[in-house]
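Q: Can you read through this structure? Questions will come right after.
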Amino acid sequence: MLENLPGAVGHVLRHQRAGLDQIVFHQTPLRPGMAALEVGSLAFADHAPIPARYTADGEGLSPPLHWRGVPASAASVLLIVEDADAPTPHPLVHAIVVDLACDACALAEGALDSPDHDGTGVHSGRHSLLGSGWLPPDPPPGHGTHRYAFQVFALAAGDPFSDKPGREEVLNALASRALASGCLIGTYARPDGSQPADAPAPAVGGQVAPQ
Numbered sequence: 001m002l003e004n005l006p007g008a009v010g011h012v013l014r015h016q017r018a019g020l021d022q023i024v025f026h027q028t029p030l031r032p033g034m035a036a037l038e039v040g041s042l043a044f045a046d047h048a049p050i051p052a053r054y055t056a057d058g059e060g061l062s063p064p065l066h067w068r069g070v071p072a073s074a075a076s077v078l079l080i081v082e083d084a085d086a087p088t089p090h091p092l093v094h095a096i097v098v099d100l101a102c103d104a105c106a107l108a109e110g111a112l113d114s115p116d117h118d119g120t121g122v123h124s125g126r127h128s129l130l131g132s133g134w135l136p137p138d139p140p141p142g143h144g145t146h147r148y149a150f151q152v153f154a155l156a157a158g159d160p161f162s163d164k165p166g167r168e169e170v171l172n173a174l175a176s177r178a179l180a181s182g183c184l185i186g187t188y189a190r191p192d193g194s195q196p197a198d199a200p201a202p203a204v205g206g207q208v209a210p211q
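With full-length UniProt numbering, letter number 14 in the sequence shown gets 14, and the count goes up by one each step, no holes.
Pasting the structure below:
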């Protein structure tokens with residue numbers, strides 16, 4: 001969708017970014033006893049580039065993910081993926097998945113619906129383009145490296161989610177039900193010719209899985 005945007009536009013907007021401090025992981029209040037989850041992927045390491053296969057420049061599949069450390073008291077697991085560097089006031093939501101079983105501990109490649117692929121039937125929420133499933137990374141050319149936060153939360157029992165929960169519903173649920181959290185960062189960029197495609201992204205704090 002944005003691959004045809006002139007690189008000069010992305011370059012002009014390169015300092016306009018939502019910011020990592022705005023992702024759900026950092027907006028969820030920490031509570032006493034809240035545990036850390038380890039989150040990883042067989043497709044990319046923490047803070048490493050996401051292969052094009054999982055972006056709008058490739059097949060657009062959702063990447064494989066795994067996690068561990070879900071507390072025994074948890075009732076379900078939730079995933080939300082956000083672009084912390086979108087030139088928007090808030091991070092762009094690329095996926096929401098709720099009601100994952102606590103003993104699943106993984107999502108296979110292509111588990112989420114995407115534009116040219118049917119997923120495995122997980123309970124997907126609403127991404128920022130108002131669809132559901134996986135919205136493949138599609139950063140503006142020349143905008144620099146974008147950081148995609150794959151955030152996993154273990155939740156206590158509570159009210160059921162709506163058919164297609166959005167970011168606000170997720171934030172409200174996490175405020176009272178989050179028992180553990182973890183975050184994996186993947187990067188992606190479309191250079192405009194003046195920036196290298198593999199420019200490093202800034203580091204981020206938080207609980208991440210060693211790769």
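For glycine and all other residues, C-beta sits at the position ideal for the given N, C-alpha and C.
(1) Return helix, strand or coil for Phe25, following the three-state DSSP convention.
(2) Can the beta-carbon of His146 be found closer than 8 Å to that of Pro136?
(3) Label Pro115 either buried or exposed according to how many other C-beta atoms from any shown protein chain fall within 10 Å of its C-beta, with 16 as the threshold for buried.
(4) Does the beta-carbon of Ala178 have 16 or more other beta-carbons within 10 angstroms, so that it is buried, or is it exposed?
(5) Report the option in Lys164, His117, Asp46, His123 whose CA atom is closest to the CA atom of Leu130.
(6) Could you pull the start and end residues of the beta strand (DSSP E) that Glu38 belongs to?
(7) Starting from the C-beta of Gln211, find all residues in its chain whose C-beta is less than 7 Å away, skip the five residues before and the five after it, and write them out in chain order.
(8) Just curious, the beta strand (DSSP E) that Leu184 is in, first and last residue?
(9) What is the rounded straight-line gap between the Cα of Gly142 and the Cα of Tyr188?
(10) Relative to the C-alpha of Leu79, which residue among Pro191, Ser176, Arg167 is closest?
(11) For Pro63, which of Ile50, Asp118, Pro91 has the nearest alpha-carbon?
(12) Should Ala157 and Ala75 be called a contact, given that it needs their Cβ atoms to be closer than 8 Å?
A: Let me spell this out:
(1) Reading the sequence shown from its first residue, position 25 is the one you call residue 25. Helix.
(2) In the sequence shown, the residue the question calls residue 146 occupies position 146. In the sequence shown, the residue the question calls residue 136 occupies position 136. Result no, Cβ atoms of His146 and Pro136 do not sit closer than 8 Å.
(3) In the sequence shown, the residue the question calls residue 115 occupies position 115. Per the 10 Å Cβ criterion, exposed.
(4) As a first step, residue 178 must be located in the sequence shown, where it is residue number 178. So Ala178 counts as buried.
(5) As a position in the sequence shown, residue 130 is number 130, starting the count at 1. Nearest of Lys164, His117, Asp46, His123 to Leu130, Cα basis: Lys164.
(6) Locating residue 38 in the sequence shown gives position 38, where the first residue counts as 1. Residues 38-40.
(7) Here residue 211 refers to the residue found at position 211 of the sequence shown. The pLDDT assigned to Gln211 is 36, lower than 50, so where the model puts this residue is not dependable; a value taken from the coordinates is nonetheless given after this. Answer for Gln211: Gly40, Ala45, Asp46, listed in chain order.
(8) Working through the sequence shown from its first residue, we reach residue 184 at position 184. Run containing Leu184: 178-188, per the beta strand (DSSP E) assignment.
(9) Translated into positions along the sequence shown, residue 142 becomes position 142. Translated into positions along the sequence shown, residue 188 becomes position 188. For Gly142 and Tyr188, the distance between alpha carbons rounds to 12 Å.
(10) If you number the sequence shown from 1, residue 79 lands on position 79. The residue with the shortest Cα to Cα distance from Leu79 is Arg167.
(11) The count along the sequence shown starts at 1 and reaches residue 63 at position 63. The candidate whose alpha carbon is nearest that of Pro63 is Ile50.
(12) Within the sequence shown, numbered from 1, the residue matching residue 157 stands at position 157. Within the sequence shown, numbered from 1, the residue matching residue 75 stands at position 75. Yes, the pair counts as a contact, with Cβ atoms nearer than the cut-off.
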